[in-house]
Amino acid sequence: MELLKEYRPLQEGGEPTEDDEFLGLNINPTPEVDTRQISIRNEQPIGNIQSEDSALVKRRQMPTGNVELHAMNLAVFREQFYNYRRFGVYADPTLPQNYIQDGGSEGIGNTLLTGDQVLSQKLSVFASSSQPERELTKNIKSKRVKGGDSSTGEYLGPWACYEGENEFDKVNQTAEDRKAVLQQAEAARKAQVEAKKKEEEFNPTSEFHGDDLHDYKGRSYILPPQDRSYARAEQNYIPKNLMHTYKGHKRQVQVAKFFPKFGHMILSGSYDSEVKLWDVYGKRNCLRTYSGHKSAVRDLSFTNDGMHFLSTGWDNRLNYWDTETGQVVRSFALGARPFCGQINPDPTRQYAFLVGDVEKKVTQWDLRSGEAVVTYSDHLGPVNTVTFLDNYTKFASTSDDKKVFLWEFGIPIVIRHVADPEMHPICATDVHPSDKYFVGQSADNKVICYDVKAGFIRLNKKKKFTGHLCAGHSVQVKFSPDGQFLASGDHEGRVFFWDWKSARLNSVIEAHEKACVSIDWHPTEPSTMLTAGWDNTMRLWNA
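When we follow this note's numbering, the leftmost residue of the sequence shown carries the number 1, and every step to the right adds one.
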């Protein structure tokens, strides 16, 4: 207003001029303001309040909050991480003294918290042992539950927990829950006692189904008929014609073998836990049933004369039977499920047999003492087969670890280790009649060959037999008695025949409706073969 008075004075003695009227207007320096209410939606914020891309912000959004980036030295982070894992203490990141200053020497980790307790001394896994650290470690170890005896099933070892780890579960456990747990434990204990009682009460039995145990001359039924010739044929042929179908097993037939030397009988083992003896030349009926297992029969092995055989069952038991009388001469209780059992074919060592089991080892048993004498335990997987080589002084073992080991019989040291990146687990083997080769049924649908020379084995990559499907099944593979043909089953029920020298596929027959897992050539007939499958039957074939 002082400026207006100075520059725009009124004229004395008269009315104001036009300029004076203009300069005398009321001037308000404050601009006009619109006082109406404006509704701003959340989708339209005022200004650019996000300095980062919205996609990056969304990625940092969590159900419990937002992820915040923080720069920390990797060594410091690892120190705090391992401190918490070992001692249960860590640096509180909310305290200012635990942040790294730009120009200071104070670093994170000077103050450690465990709950509400603040430790005045710094504990670090990377620092030398101090008195607080030793006391804390001793206190932690004192709360560790004892591991127990390693020879019992209740052994905890390094997996033992600490006192108070499960206190929350115990507090929240109601009376009904505790009662249910006790009832389950009691039921399990009773079931274990009953199973043990049944095992003690279980007695192997045998039943004869034939007409007479002896003929009119007093000869036992187990002896071969005298009206046939048992000379081995010089040349074999591929069988194509079905002669007979054996029925009698209630479940899948896992293994079937001809009687040694003569082949006048068949021995079969099934998933119905029974072993049956069948006639070949007469009525072709079941002559005797051996009931000595509570689970599936996995393997069978004859002595050289056929008067005794060994049955391997998945009930962790092996029975050594008298073929003629059906009596169990000796029974062996194993600590693990067996996959194979073979009697030593050496005439001077028929008292010894080998068992491969799921516990990655081969055990040598003595029939005279009934005890395990040697354990071969270098495999890393369940042992599938054992095969005697080099005049029965050595044997080869195959396993799920994709390796083949050669052992000296009676010495638990591997003398030859065969492994190849292309190898797969081998589930079945057989030896060539010349004893110079043995083959293995590989899990990649191939039959591979190994050379046996000077007591050692070597993978023969030139000989491979393909065309069949065996993956996932333990399918048997067999040489013909003259060594001219190699036969293998198939999980679709077929039987494949290859020429041994050229590895060329010669013939295929449709043998069973389900998987054909066991085959065997007749020891004397030139072109007779036995097949067994998971359709609960066995079939006899001829050319």
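Using N, Cα and C, we set each Cβ at its ideal position, and we do this for glycine too.
All of these numbers come straight from a predicted model, not from anything done at the bench.
Spatial neighbours of residue i in its chain, beta-carbon cut-off 6 Å, leaving aside the 5 residues before and after
i	result
Met529	Pro239, Trp521 and Trp541
Gln327	none
Gly356	Phe339, Cys340, Val362, Val383 and Val386
Leu373	The sequence shown places Val at residue 373, not Leu. The residues are Gln364 and Asp366.
Cys427	Asn384, Gln441 and Ser474
Ser377	Lys361
Gly370	Arg330
Glu21	Its pLDDT being 46, under 50, Glu21 is placed unreliably in this model, and the value from its coordinates should be taken loosely. Answer for Glu21: no residue qualifies.
Alpha-carbon spacing of residue i relative to residue j, whole angstroms
i	j	result
Ala71	Arg86	24 Å
Ser434	Ala195	48 Å
Asp305	Phe208	21 Å
Ala91	Asn83	9 Å
Gly109	Gln80	Only weak support exists for where Gly109 lies, its pLDDT of 40 falling under 50; the value from the coordinates is given anyway. If I take the Cα positions, the gap works out to 7 Å.
Ser51	Asn73	Since pLDDT at Ser51 reaches only 49, below the 50 mark, its modelled position is unreliable, and no value is offered.
Arg317	Leu469	31 Å
Asp444	Glu422	10 Å
Lys141	Glu135	10 Å
Ala185	Gly157	23 Å
Glu68	Phe77	16 Å
Pro204	Tyr290	8 Å
Ala256	His244	15 Å
Thr524	Gly493	25 Å
Ala595	Ser527	With the chain running from 1 to 543 in the structure shown, residue 595 is simply not present.
Lys283	Lys217	20 Å
Leu505	Ala191	53 Å
His379	Ile411	15 Å
Val508	Phe497	6 Å
Phe409	Arg228	38 Å
Phe262	Glu359	36 Å
Asp499	Ala188	56 Å
Ala543	Leu277	24 Å
Ile266	Glu510	21 Å
Thr466	Ala487	11 Å
Thr348	Ala180	59 Å
Ala160	Val193	27 Å
Gln183	Asn285	50 Å
Reference residue i, options the options, closest by Cα
i	options	result
Gly483	Asp212, Gly65, Asn236 and Phe395	Asn236
Lys501	Glu510, Phe479 and Cys516	Phe479
Val447	Lys453, Lys464, Leu459 and Asn460	Lys464
Ala532	Gly282, Arg337 and Val517	Val517
Val495	His512, Arg504 and Val89	His512
Gly313	Asn506, Met307 and Phe339	Phe339
Thr363	Asn460, Gly335 and Arg349	Gly335
Asp346	Val508, Met538, Ile411 and Lys394	Lys394
Gln441	Asp212, Lys402 and Lys453	Lys402
Ser295	Glu324, Thr325, Arg337 and Tyr216	Arg337
Leu459	Ser474, Gly489, His491 and His424	His424
Pro224	His473, Val374, Val280 and Leu69	Val280
Leu213	Thr375, Thr325 and Gly489	Thr325
Leu367	His308, Tyr376, Ala75 and Phe409	His308
Thr323	Arg349, Arg189, Val89 and Ser268	Ser268
Pro481	Gln342, Pro260, Lys462 and Trp534	Pro260
Ala333	Ser311, His432 and Asp400	Ser311
Asn139	Thr398, Lys462 and Gly88	Gly88
Tyr392	Ile413, Glu176 and Gln342	Gln342
Counterpart residues of residue i in DSSP-defined beta bridges
i	result
Ile266	Phe258 and Trp278
Asp490	Cys516
Cys427	DSSP output for Cys427 lists no bridge partner at all.
Glu408	Lys394 and Ile411
Arg330	Tyr320
Leu242	Trp541
Residues near residue i by beta carbon distance below 8 Å, same chain, minus five either side
i	result
Ile457	Leu389, Ala396, Val404, Leu406, Arg416, Val418, Phe438, Tyr450 and Asp451
Asn536	Lys247, His249, Lys250, Arg251, Gln252, Val253 and Ser270
Leu242	Arg539, Leu540 and Trp541
Ser273	Ser291, His293, Lys294, Ser295, Ala296, Val297, Gly313 and Asp315
Asp420	Leu459
His264	Pro224, Pro225, Arg228, Asp279, Val280 and Tyr281
Lys453	Lys436
Phe485	Asn236, Ile238, Phe479, Phe497, Trp498, Asp499, Trp500 and Asn506
Residues of its chain near residue i, where Cβ-Cβ distance is below 7 Å and the 5 sequence neighbours each way are ignored
i	result
Leu25	Confidence at Leu25 is low in this model, with a pLDDT of 48, below 50, so its placement is unreliable and the value that follows should be read with caution. Excluding positions up to five away in sequence, the list is empty.
Gly210	Tyr221 and Leu287
Asp430	Phe438, Val439, Val477, Lys478 and Phe479
His473	His491, Ala515 and Val517
Ala231	Thr524
Gly455	Asp390 and Lys394
Val381	Here residue 381 turns out to be Gly, not Val, going by the sequence shown. Cβ neighbours of Gly381 beyond the five flanking positions: Lys360, Ser399, Asp400 and Asp401.
For residue j and residue i, believed in contact at Cβ under 8 Å, the rounded distance
i	j	result
Gln297	Val275	One detail in the question is off: residue 297 reads as Val in this sequence, not Gln. So it is a contact: roughly 6 Å between Cβ atoms.
Asn319	Ser331	5 Å
Phe258	Ser301	Going by Cβ atoms, the distance from Phe258 to Ser301 rounds to 13 Å, so no, they are not a contact pair.
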